[in-house]
Amino acid sequence: MLIPQLLTQLARPLRRLDRRIAWIESIIKTPLTDDDEHYLRVACAESGNTRFGEYYYWYLQKLFVANVLRRGNRTEFLSLLSRADRTDYSAFDELARTPRGLLIAVPHHAHYILSIIMLAERLRHERKTFLFYGNPETHPGNEIFDRLNGWFWNEDNGVGFVHDTRKGLATAIRELRAGAAVFILPDVFKDENATYPISFCKRSMSIMLGTAALSRRTDALIVPMISTPVASGLGFRSVFAPPCAEPAPAAQGQSERRLLADDYRVMRGLFAFYEHHMQHQLIYWQNVRQHIAQNGPHLEVPRSDVARVAGLLARDPDMLAPTAVIDLRRDATAPTC
Numbered sequence: 033m034l035i036p037q038l039l040t041q042l043a044r045p046l047r048r049l050d051r052r053i054a055w056i057e058s059i060i061k062t063p064l065t066d067d068d069e070h071y072l073r074v075a076c077a078e079s080g081n082t083r084f085g086e087y088y089y090w091y092l093q094k095l096f097v098a099n100v101l102r103r104g105n106r107t108e109f110l111s112l113l114s115r116a117d118r119t120d121y122s123a124f125d126e127l128a129r130t131p132r133g134l135l136i137a138v139p140h141h142a143h144y145i146l147s148i149i150m151l152a153e154r155l156r157h158e159r160k161t162f163l164f165y166g167n168p169e170t171h172p173g174n175e176i177f178d179r180l181n182g183w184f185w186n187e188d189n190g191v192g193f194v195h196d197t198r199k200g201l202a203t204a205i206r207e208l209r210a211g212a213a214v215f216i217l218p219d220v221f222k223d224e225n226a227t228y229p230i231s232f233c234k235r236s237m238s239i240m241l242g243t244a245a246l247s248r249r250t251d252a253l254i255v256p257m258i259s260t261p262v263a264s265g266l267g268f269r270s271v272f273a274p275p276c277a278e279p280a281p282a283a284q285g286q287s288e289r290r291l292l293a294d295d296y297r298v299m300r301g302l303f304a305f306y307e308h309h310m311q312h313q314l315i316y317w318q319n320v321r322q323h324i325a326q327n328g329p330h331l332e333v334p335r336s337d338v339a340r341v342a343g344l345l346a347r348d349p350d351m352l353a354p355t356a357v358i359d360l361r362r363d364a365t366a367p368t369c
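Residues in the sequence shown are numbered from 33 upward in steps of one, following our numbering.
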C-alpha cells in the first residue's frame with residue numbers, strides 16, 4: 033500500500049510543467065479543450081501563480097486514490113489514510129458530544145473523499161453516520177461513493193448511503209432528528225431555477241439553500257468542513273469551522289420569505305468559510321472550470337442604490353407583463369390597437 037505514496041512522490045516533477053501534454057491527459061482520463069486550458073490557467077493564476085502542471089499532478093493523485101478504492105484492502109487503505117491525515121480533530125471531537133444531529137457540509141475540494149472517510153470512521157462508533165449525495169446517474173463522479181458502499185462500509189458498521197431523492201431526503205430528515213451525522217456536499221445543484229446567487233471567489237455563484245433548510249427542519253447543527261492539500265505526497269488536512277449561525281426559532285406562521293432569508297444568510301456564512309480557504313487553492317476544486325466558464329464578476333450594489341436599481345428593473349419592458357393578447361384561434365377578431 034506504499035505504492036500510491038511512492039508514485040505520488042515520483043510524479044512531483046509534473047508540478048514544474050507550464051504547458052499542456054496530451055499523453056498525460058490520456059493517463060489521468062481528463063482530456064482538455066482550449067477553453068478548459070484557459071479556465072485552468074486562470075485558476076492557477078488565482079492560486080498563487082501556480083504552474084499548469086499542478087493540475088496534472090493533482091489529478092494523478094486522484095487517479096491513484098480511485099485505483100486503491102477499487103482494488104485495495106480496507107485495513108491497508110485505512111493505514112495509508114492515517115499516515116496521510118494531518119487533521120487536528122480536537123475541536124470537532126468537542127463539538128461531537130452534542131446529542132443533536134450533525135450535518136457536515138463538505139465541498140468538492142482537494143481530497144474531500146479522504147476527509148469524509150476519516151471523519152466517518154471516527155463518528156460511526158458514536159452515532160449512526162450517512163453520506164447524502166446525488167445519484168451517480170445524474171451526478172457523474174459520484175460512483176466512487178457507491179463503490180464505498182459494501183466494500184468499505186456496509187449496514188453492519190454504522191455508515192449508510194442515501195441518494196438525493198425524495199426517499200433519501202426522508203431518510204436524512206428522520207436520522208438527523210434522531211441524532212445521526214450526515215455528510216452533505218452543498219457546492220452542486222440539480223435545478224438552477226431553485227438556486228440563489230452569492231459572491232464567491234471574485235465571481236457570481238449559484239447555490240441551493242437545501243443544507244440550511246435541512247438543518248432548520250431537523251434542528252441539526254451545520255458543521256462546515258473543508259479538505260485542504262498538504263504538500264507531502266497524498267497528505268491532506270480537514271479544517272473545521274464552528275457551527276453555522278442558526279436563525280431564531282421559527283415563530284408560528286412565519287412567512288416563507290423570512291425563512292428563505294434566514295436560510296440564505298446561513299448559506300452565505302458557510303460559503304464564506306469555504307472561500308477563505310479556497311480563494312488561493314482554486315485549482316483543487318472539482319468545479320473550478322465550470323465556475324470560471326459560466327460566471328462573470330459578481331456586481332455588488334451599494335445599499336444606497338438598491339431603490340434606484342429596483343426602479344430600473346420595474347420599468348424594463350422585458351420585465352413587464354404583456355399589455356395585449358392576440359387570439360390566434362380560427363375566425364377570431366384581432367384586438368383594436
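Ideal Cβ placement from N, Cα and C applies to all residues, glycine included.
Enclosing beta strand (DSSP E) for residue i [first to last residue]
i    : result
G267 : No beta strand (DSSP E) holds G267; DSSP gives it neither H nor E.
Y121 : That residue, Y121, is in no beta strand (DSSP E); it is neither H nor E in DSSP.
G192 : 191-195
Residues bridged to residue i (per DSSP)
i    : result
D117 : F268
T65  : According to DSSP, which records beta bridges pairwise, T65 is partnered with nothing at all.
P256 : A137
L42  : For L42, which the question treats as bridged, DSSP gives no partner whatsoever.
I216 : A137, F164
H70  : DSSP, once it has assigned bridges, lists no residue as partnering H70.
P15  : Outside the displayed range of the chain (33 to 369) lies residue 15, so it cannot be described from this structure.
H143 : DSSP lists no partner for H143.
N181 : W185
W55  : W55 is not bridged to any residue.
Contact under 8 angstroms by Cβ, residue i with residue j
i    : j    : result
V194 : F215 : no
L302 : A252 : no
L180 : F96  : no
N167 : T203 : no
H140 : D219 : yes
T243 : G133 : no
K160 : G190 : yes
M240 : I230 : no
A304 : D67  : no
L292 : A75  : no
I176 : A98  : yes
E108 : R47  : no
H312 : G80  : yes
Contacts around residue i, its chain only, beta-carbon distance under 6 angstroms, and the 5 residues preceding and following it disregarded
i    : result
L344 : none
S247 : L135, I254
Pick from the options that is closest to residue i, judged by C-alpha positions
i    : options                : result
Y89  : L134, P261, I230       : P261
R269 : R206, Y121, T355       : Y121
R154 : T227, V320, A213       : A213
R102 : M310, F184, G211, A346 : F184
A128 : D117, G211, N174, L201 : G211
T62  : G80, R44, Y91          : Y91
S259 : K94, D67, S111, T119   : T119
G378 : R115, G200, A54        : This structure cannot settle anything about residue 378, because the visible part of the chain is limited to 33 through 369.
G150 : F177, I176, Y165, D117 : Reading the sequence as shown, one finds Met at residue 150 and not Gly. Checking every option, the nearest Cα to that of M150 belongs to D117.
S147 : E332, E288, L112, E175 : L112
R297 : D337, A152, Y228       : Y228
L110 : E126, E169, A152       : A152
E288 : A277, C276, A245       : A245
I192 : L217, S58, Y165, A54   : The sequence shown places Gly at residue 192, rather than the Ile named in the question. Considering only alpha carbons, the answer is Y165.
D188 : R156, Q37, E126        : R156
E78  : R290, R235, P354, P36  : R235
N174 : L217, N186, G182       : L217
G182 : E126, D295, D294, N105 : N105
Beta-carbon contacts of residue i that lie in its chain and below 8 angstroms, excluding the five residues immediately before and after
i    : result
P334 : none
R52  : L64, E69, F84
A283 : At A283, the pLDDT of 49 sits below 50, so the modelled position is not reliable; the number obtained from the coordinates is stated separately. Excluding residues within five positions, none has a Cβ falling inside 8 angstroms.
R44  : Y89
D350 : none
V320 : Y71, L72, A75, L314
I158 : Correcting the residue identity first, residue 158 is Glu in this sequence and not Ile. Cβ within range, chain order: A128.
Cut-off 7 angstroms between Cβ atoms - residues of its own chain near residue i, not counting five sequence neighbours on either side
i    : result
E307 : F232, C233
Q93  : T40, L266
Y316 : W90, H141, A142, P261
Y144 : V138, S259
A123 : F272
A226 : M240
T82  : C76, I315
Range of the contiguous alpha helix (DSSP H) that encloses residue i
i    : result
H308 : 288-310
G200 : 198-209
F96  : 85-103
T243 : 242-250
G5   : Look at the range of the chain in this structure, 33 to 369, and you will see that residue 5 is not part of it.
CB contact check: residue i to chain D, cutoff 8 angstroms
i    : result
K222 : Among the protein chains of the structure shown there is no chain D, as only one such chain exists.
Near the ligand FAD: residue i beta-carbon under 7 angstroms from a heavy atom
i    : result
K234 : Absence of the ligand FAD is noted for the structure shown, with no ligands found whatsoever.
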